[in-house]
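Remarks on the structure that follows.
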Amino acid sequence: MASSGEINGSSAPASGNSTADFTGELHRLLQQRLRLAFLVCFLIGVPLYASAWLPLEPDSSLAEDLLAGLLSPRHGHWLLFALGFVVLTFRDGWRVVELRHLDRWVMAASLIACVAGCSDHSHWMTGPQTAALLLLIHAALVPSSLSTQIGLALVAVAAYPAIRWAIPGEPWTLNGGVAEGTATIAIAGAVSILLTKTLYNFPTQPAEQKHFGPYEVRGELRRGGMGQVFFGYHTLLQRPAAIKVMRPTGDENSETALARFEREVRLCSLLSHPNTVTIFDFGRTEEDTFYYAMEFLAGGDLQRVVEKYGPLPPGRVVHILLQVCGSLAEAHSKGIIHRDIKPSNIFLSHRGGVYDFVKVLDFGLAKRLSPDETAGLTKSGIVFGTPRYIAPEGVHGSNHVDGRADIYNLGAVAYWMLAGRPVFDSGSAMEVLIDHVKTPPLPFAETSEVPVPKELEEIVMKCLEKDPADRFQSAVDLAEAIASSSAAGSWSQRQALDWWELHKPGEDDENRWTKSERQVARSAGGVSQMEVGVG
530 MASSGEINGS SAPASGNSTA DFTGELHRLL QQRLRLAFLV CFLIGVPLYA
580 SAWLPLEPDS SLAEDLLAGL LSPRHGHWLL FALGFVVLTF RDGWRVVELR
630 HLDRWVMAAS LIACVAGCSD HSHWMTGPQT AALLLLIHAA LVPSSLSTQI
680 GLALVAVAAY PAIRWAIPGE PWTLNGGVAE GTATIAIAGA VSILLTKTLY
730 NFPTQPAEQK HFGPYEVRGE LRRGGMGQVF FGYHTLLQRP AAIKVMRPTG
780 DENSETALAR FEREVRLCSL LSHPNTVTIF DFGRTEEDTF YYAMEFLAGG
830 DLQRVVEKYG PLPPGRVVHI LLQVCGSLAE AHSKGIIHRD IKPSNIFLSH
880 RGGVYDFVKV LDFGLAKRLS PDETAGLTKS GIVFGTPRYI APEGVHGSNH
930 VDGRADIYNL GAVAYWMLAG RPVFDSGSAM EVLIDHVKTP PLPFAETSEV
980 PVPKELEEIV MKCLEKDPAD RFQSAVDLAE AIASSSAAGS WSQRQALDWW
1030 ELHKPGEDDE NRWTKSERQV ARSAGGVSQM EVGVG
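Using our numbering, read the sequence shown as starting at 530 and increasing by one per residue.
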């Protein structure tokens, strides 16, 4: 596990690992090329518009023409290029995201300034011609995304006719130069976009990136509201990993998002129970993409398993619940509550010849019960959790949510496994939340196709009590009750093995990655076992 200090930069791989230096190479290349582009634009502008500094009329003075030239809107952007070159040359510590912002703002302002001087025909080039030249220079020299180049081209194309229309006394007619100038910019813009696509088109989205720190991305596994998960390999260890990528949401800045992300990783790093997913590494790329790498699992989550194969036998449900209780017991003993226990966060896998091995995933909504430095990172007035599995006190947004909320969540998951349907499944999320607060769950006799032992049903219904005081008070208490039930021990490893050999969960994913796995195994000089799924 990387130290918390590593979150401020990309995870540092070992020396000599060129692929893990991808973001550093991008940073250096972008800064060098941007500095070069600014210098070229400035040097082209000086001789091109030197005529503005010379007397334009035989009887006019140099001072008058110099003042008129400097006040022309055409010259402000050349000064912007000069200033940008100086700043990039003498200031260190630029991040990629800052360089890209500088690139976009300087280029957009310069393009608008070019076409703003479109009525001045005393120079060698018109405003549209100058804007076209800038677009081509930018596309040829600056490594940028396709969306950036498209945006710059659209700015120039839209600004020219708009400014021509707004200039007092300037005829706004198609035969007055508007169509010709707009066409000039549009053609150059299209060529610049093609150049960018051919030469660069650097990735701006996680799905397009090939490396996160020392991890090489091979493809996407899943996506959700909290981010995306990719399949990848550590480039030195050749170890498969699931890489979770997170970005700041629209209503919070990168530092707040970083603090949330770091908190999640730090909480997970405190846990060592075998039924809790293991996190290998974490970091932040120079483009403010937050990621962490976790173990890559074979199998499927309970959401997919029950949806595809139907309700589970009571003995198997007990076998799964006991493992989840073990994971939660350790977390609660360290003052951590999960707050989002649900079927998709409980993963069935096989490890070391043991089948139906459970991994509890995604501590993204976890919190510490004791006050610490993370206070204030959780927003007030927001319901945390998944509506179908949330505890009643979570619906109220109570600040006193504790480990018993996880007990309720787990009871709702047990109901899902036994009945093949959620405890409450009303038409809207709001109705489901109200049901969690007010409506008692239906007995299994009315909802389940599988006979559920009365003793096990009583355990599940006690987990689903509205008042936390009426539930099991800890995961240990719940585990003891489950272990003493008649269904405990009725699910054997032979039954689990038979089920896995019959249904082969995750086989589609395995076929998807087998070729990549074999290639990596060959390059590593050995053979490794394929693991599929998201840790």
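By construction, the Cβ of each residue, glycine as well, lies at the ideal position given by its N, Cα and C atoms.
- Between the region 854 to 871 and the region 970 to 984 there are fewer than three inter-stretch CB-CB distances shorter than 8 Å, so the stretches are not counted as touching.
- When the beta-carbon positions are compared, W1020 and R880 stay at least 9 Å from each other.
- Nearest to S676 by alpha-carbon distance, out of Q658, R633, I692 and P657, is R633.
- When only Cα atoms are considered, V1005 and V853 end up about 11 Å apart.
- Taken through DSSP and simplified to helix, strand or coil, P690 comes out as helix.
- Counting C-beta pairs closer than 8 Å gives fewer than three between the region 657 to 671 and the region 616 to 629, which falls short of the contact rule.
- Inclusion of Y821 and F809 in the CB contact set at 9 Å is warranted, their separation being smaller than that value.
- Under DSSP, M636 forms no beta bridge with any residue.
- Around the Cβ of P972, a 10 Å sphere holds fewer than 16 other Cβ atoms; the residue is exposed.
- Counting every other CB atom within 10 Å of its CB across the protein chains shown gives E791 a total of 16 or more, marking it as buried.
- The C-alpha of V952 is placed about 9 Å away from the C-alpha of T976.
- Beta-bridge partners assigned by DSSP to E745: H740 and Y762.
- Short of 7 Å from the beta carbon of C797, and not among the five residues preceding or following it, lie these beta carbons of its own chain, in chain order: I808 and F892.
- In the structure shown, the three-state DSSP call for A948 is helix.
- Nearest Cα to V889 within the set V569, M990 and D935: D935.
- Secondary-structure assignment with DSSP links D810 through a beta bridge to A822.
- The region 825 to 842 makes no contact with the region 953 to 969; the number of CB pairs closer than 8 Å stays below 3.
- By the Cβ-count criterion, G656 is buried, with 16 or more other Cβ atoms from all chains shown falling within 10 Å of its own Cβ.
- For F973, the enclosing alpha helix (DSSP H) covers residues F973 to T976.
- The Cβ neighbour count for D964, taken over all protein chains shown within 10 Å, is at least 16; the residue is labelled buried.
- Between L640 and the set R620, I692 and A974, the nearest pair of CA atoms involves I692.
- In this model, K1033 and S878 are separated by some 11 Å (Cα to Cα).
- Under the 10 Å beta carbon count, F619 is surrounded by fewer than 16 other beta carbons and is classified as exposed.
- Beyond the five residues adjoining it in sequence on each side, E986 comes within less than 6 Å, by CB distance, of F973 in the same chain, given in chain order.
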